[in-house]
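Numbering (my numbering), first residue to last: 530 to 927.
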């Protein structure tokens with residue numbers, strides 16, 4: 530580990546890995562630090578991603594694909610299922626990844642591009658000069674050190690500690706922090722090619738429960754509920770345990786994780802002097818699904834591209850790097866996050882009867898596209914009054 534680099538990347542997840550790889554390929558000296566002793570662990574997500582989205586960033590490899598998903602179902606409280614089959618979707622449903630292998634592959638690619646990768650190294654505070662970030666003070670295997678950089682890309686996940694310490698407001702309202710729990714279960718009866726999403730206030734209040742296959746008779750079985758619904762006796766784990774006891778009484782749990790996922794709007798600004806914020810730290814998680822792998826890779830890559838241009842131009846001020854913030858907000862990803870946030874805010878108000886009625890209205894449809902936008906358009910077509918309730922979305926749905 531050297532004491533000075535062009536770009537310091539904090540966090541070894543998909544956002545940090547793509548940032549480091551992109552920056553190194555552009556000819557920058559790059560250091561990626563990861564606070565944990567190993568890349569990819571512990572796994573903190575359901576590991577699903579759309580096929581076409583993944584291919585924008587990396588060539589699929591069977592080594593880190595746990596399941597090739599051929600269909601998906603959204604299951605209403607009354608059991609009504611909205612289904613998409615791969616034959617109808619044109620091969621665009623998704624993969625379930627093995628994040629332990631996938632994340633390491635992305636970081637290996639960054640290292641092969643020329644980035645230094647240092648694990649068990651935590652950024653404690655930013656190095657600040659005249660209000661600008663100029664690197665970070667770190668603890669590397671317990672030893673303090675300074676790493677100076679022209680630009681720091683903060684991709685340190687949901688905690689977003691570095692951006693907060695640099696002066697950005699990264700607060701997430703309690704009701705918009707999804708409380709999550711997930712088990713990796715084996716010896717369970719599932720459709721190994723189908724992902725299931727269960728809705729209902731008795732199953733997952735203001736959230737959903739998922740089954741993501743990871744091979745024959747093995748799956749990620751998890752849940753996310755609104756933070757404000759999580760209290761003693763009604764925690765995410767409590768709802769998950771009840772579902773598992775009912776549906777997989779003989780299943781074996783071989784791994785358990787818990788955590789929070791922000792389903793709020795993104796940070797008001799993801800740029801500072803000498804600082805760019807990417808991935809979950811920037812709050813670019815999909816507000817409906819809680820998925821963030823693709824968005825993390827997109828923002829990580831874009832952050833590195835903008836940082837590279839600014840370093841070459843000799844100006845890494847907030848003003849010079851604002852095209853990063855402007856571009857991702859104007860992108861398809863940014864528009865989708867804003868639209869899905871508004872949809873989420875509507876759907877969390879619905880009781881089970883309303884959810885059942887909406888699901889019943891479109892259960893017989895053969896979808897050619899499986900997306901929030903496609904579902905909402907079909908719901909409005911079948912329930913015209915819904916457009917009045919979602920009037921804030923009228924322009925984005927046209």
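Cβ coordinates follow ideal geometry from the N, Cα and C atoms, glycine included.
For residue 768 and residue 809, I'd like the C-alpha separation in whole angstroms.
The residue given as residue 768 occupies position 239 in the chain shown. The residue given as residue 809 occupies position 280 in the chain shown. About 25 Å.
Nonlocal neighbours in the same chain, by C-beta distance under 7 Å from residue 852, ignoring five residues either side
Position 323 of the chain shown, counting from 1, holds the residue named residue 852. These residues qualify, in order along the chain: 835.
Close beta carbons around residue 856, own chain, < 8 Å, minus the five adjacent residues each side
What you label residue 856 is simply residue 327 of the chain shown in a count that begins at 1. 831 and 835, listed in sequence order.
Could you tell me which residues DSSP puts in a beta bridge with residue 835?
Your numbering for residue 835 matches position 306 in the chain shown. Answer is none; residue 835 lacks a bridge partner.
Can you list, in chain order, the residues of its chain whose CB lies under 7 Å from that of residue 664, leaving out five sequence neighbours each side?
By one-based count along the chain shown, residue 664 stands at place 135. So the qualifying residues of the chain are 537, 656, 675, 676, 677, 678 and 681.
What number of angstroms, rounded off, separates the C-alpha of residue 783 from the C-alpha of residue 716?
Here the question's residue 783 lines up with position 254 in the chain shown. Here the question's residue 716 lines up with position 187 in the chain shown. Distance between the alpha carbons of residue 783 and residue 716 is about 10 Å.
In angstroms with no decimal places, state the Cα-to-Cα distance between residue 869 and residue 816.
For the purposes of this step, residue 869 is taken as residue 340 along the chain shown, with counting starting at 1. For the purposes of this step, residue 816 is taken as residue 287 along the chain shown, with counting starting at 1. The alpha-carbon atoms of residue 869 and residue 816 are separated by roughly 6 Å.
Shorter than 7 Å from the beta carbon of residue 676 to some beta carbon of chain D?
Note that chain D does not occur in the displayed structure, where there is just one protein chain.
Taking only the alpha-carbon atoms, compute the straight-line gap between residue 588 and residue 761 and give it to the nearest angstrom.
Within the chain shown, numbered from 1, the residue matching residue 588 stands at position 59. Within the chain shown, numbered from 1, the residue matching residue 761 stands at position 232. One C-alpha to the other measures close to 44 Å.
Given a threshold of 16 other Cβ atoms within 10 Å of its Cβ, counted over all protein chains shown, does residue 553 qualify as buried or as exposed?
Against the chain shown, residue 553 aligns to sequence position 24. Residue 553 comes out buried.
With distances taken from CA atoms, which of 571, 827, 733 and 692 is nearest residue 633?
As a working note, residue 633 is residue 104 in the chain shown. Among 571, 827, 733 and 692, the Cα nearest to that of residue 633 belongs to 571.
Identify the residues that DSSP records as bridge partners of residue 665: which are they?
Your numbering for residue 665 matches position 136 in the chain shown. BP columns for residue 665 point to 655 and 676.
Could you compute how far the alpha carbon of residue 689 sits from the alpha carbon of residue 780?
Walking along the chain shown from the start, residue 689 turns up at place 160. Walking along the chain shown from the start, residue 780 turns up at place 251. About 36 Å.
For residue 535 versus residue 840, is the C-beta spacing smaller than 7 Å?
In the chain shown, the residue the question calls residue 535 occupies position 6. In the chain shown, the residue the question calls residue 840 occupies position 311. The answer is yes: Cβ separation under 7 Å.
Whose CA, out of 531, 532, 540 and 546, lies closest to the CA of residue 827?
In the chain shown, counting from the first residue as 1, residue 827 sits at position 298. Ranking 531, 532, 540 and 546 by Cα distance to residue 827 puts 546 first.
Shortest alpha-carbon distance to residue 944 belongs to which of 824, 887 and 906?
In this structure the chain extends from 530 to 927, so residue 944 is not present and cannot be described.
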